[in-house]
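Peer 1:
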């Protein structure tokens with residue numbers, strides 16, 4: 001298992017749950033780590049669907065929740081080990097086809113709620129825009145609230161610790177930074193991250209939860225392994241896109 005410079009470990013962590021831990025044999029970029037997670041998670045879902053409840057990737061682990069009346073713990077571990085071993089050689093083929101998802105971002109004094117904290121560091125709004133839009137980010141985990149994508153990594157100039165006291169409410173679409181990570185709040189929520197702008201797109205499609213189709217549409221715009229770039233937009237563009245989302249003109253609403 002050295003072709004792709006990675007190994008894995010599988011162990012039970014709870015009743016009906018096992019944890020797959022990926023172990024890099026040499027340092028990888030966050031993008032490569034996220035793509036490994038996405039690749040292995042897809043392989044597990046595609047091959048073990050009848051015995052699965054959930055497959056949850058995050059950073060270097062995949063939590064696999066299974067149906068114990070359909071497969072035993074040891075059978076699952078054996079099948080996972082075989083699947084992932086076979087999946088290693090095909091990983092390189094997936095990295096060449098990674099799409100970059102572009103998120104519109106309105107950076108302004110009215111949406112950058114923590115502009116003052118960056119100004120204290122000597123950064124202007126233009127500096128924030130330049131730094132934040134210059135990187136391609138990798139989605140490393142989804143959590144906290146539905147559709148909240150943890151993306152790695154911002155440039156060191158933008159890194160700031162969380163607020164010691166979180167806000168009681170952060171507006172939907174807020175673009176945020178905490179330490180080296182960036183994210184977009186997919187709904188109104190309490191939160192302690194530093195807000196630098198707003199994205200008018202919906203990131204989590206609640207309407208899909210109400211559908212009983214056998215093959216429902218995706219619940220989240222962003223998923224582990226995706227690559228993301230932010231594009232600065234004007235206030236007019238922001239208002240037009242936000243109006244479309246509110247009126248139901250978004251692609252997934």
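In full-length UniProt numbering, the protein residues as written are 1 to 253. Quick reminder that beta carbons are idealized off the backbone N, C-alpha and C, glycines included. This one's a predicted model, so the numbers in the text were calculated from it and none came from an experiment.
(1) I'd like the ranges of any alpha helix (DSSP H) spanning at least 4 consecutive residues and lying wholly in the segment 4-69.
(2) Are there three or more Cβ pairs, one per stretch, closer than 8 Å when the segment 61-78 is compared with the segment 143-158?
(3) In its own chain, which residues sit with a C-beta less than 6 Å from the C-beta of residue 157, not counting the 5 before and 5 after it?
(4) Following the continuous beta strand (DSSP E) through residue 195, name the residue where it begins and the one where it ends.
(5) So residue 34 and residue 225 are in contact, right, with Cβ under 8 Å, and what is the actual spacing, rounded?
(6) What residue range does the alpha helix (DSSP H) around residue 235 cover?
(7) DSSP three-state label for residue 157, please.
(8) By Cβ distance, which residues of its chain are closer than 7 Å to residue 255, with the 5 residues on each side in sequence left out?
(9) Counting Cβ pairs, one atom from each stretch, are 3 or more of them under 8 Å apart for the segment 39-53 and the segment 106-123?
(10) If I'm right that residue 70 touches residue 55 with Cβ under 8 Å, what's the distance once you round it to whole angstroms?
(11) Between the beta-carbon of residue 136 and the beta-carbon of residue 229, is there less than 7 Å?
(12) Am I right that residue 203 and residue 186 are in contact with their C-beta atoms under 8 Å? What's the rounded C-beta distance?
(13) Where does residue 243 land, buried or exposed, given buried means 16+ other C-beta within 10 angstroms?
(14) Using three-state DSSP, classify residue 301 as helix, strand or coil.
(15) Rounded to whole angstroms, what is the Cα-Cα separation between residue 103 and residue 175?
(16) Near residue 240, which residues of its chain fall below 6 Å by C-beta distance, leaving aside the five closest residues on each side in sequence?
(17) What would DSSP say about residue 182, mapped onto helix, strand or coil?
(18) Can you list, in chain order, the residues of its chain whose CB lies under 8 Å from that of residue 17, leaving out five sequence neighbours each side?
(19) Give me whichever residues DSSP pairs with residue 191 in a beta bridge.
Peer 2: So, from the listed chains and residues:
(1) 30-48
(2) no
(3) 131
(4) 194-198
(5) The C-beta distance from residue 34 to residue 225 rounds to 5 Å, short enough to meet the 8 Å contact threshold.
(6) Taken as a continuous stretch (DSSP letters only), the alpha helix (DSSP H) holding residue 235 covers 235-246.
(7) helix
(8) The shown model of the chain, from 1 to 253, leaves out residue 255, and the question about it has no answer.
(9) no
(10) Contact between residue 70 and residue 55 is absent: CB atoms are separated by about 15 Å, not below the 8 Å threshold.
(11) yes
(12) 4 Å
(13) exposed
(14) Residue 301 cannot be examined here, being either before or after the span of the chain that is shown, 1 to 253.
(15) Each residue's Cα considered, the two are about 10 Å apart.
(16) Around residue 240: no qualifying Cβ.
(17) Strand, per DSSP.
(18) 63, 64, 65, 66
(19) When DSSP reads this structure, residue 191 sits in a beta bridge with 167.
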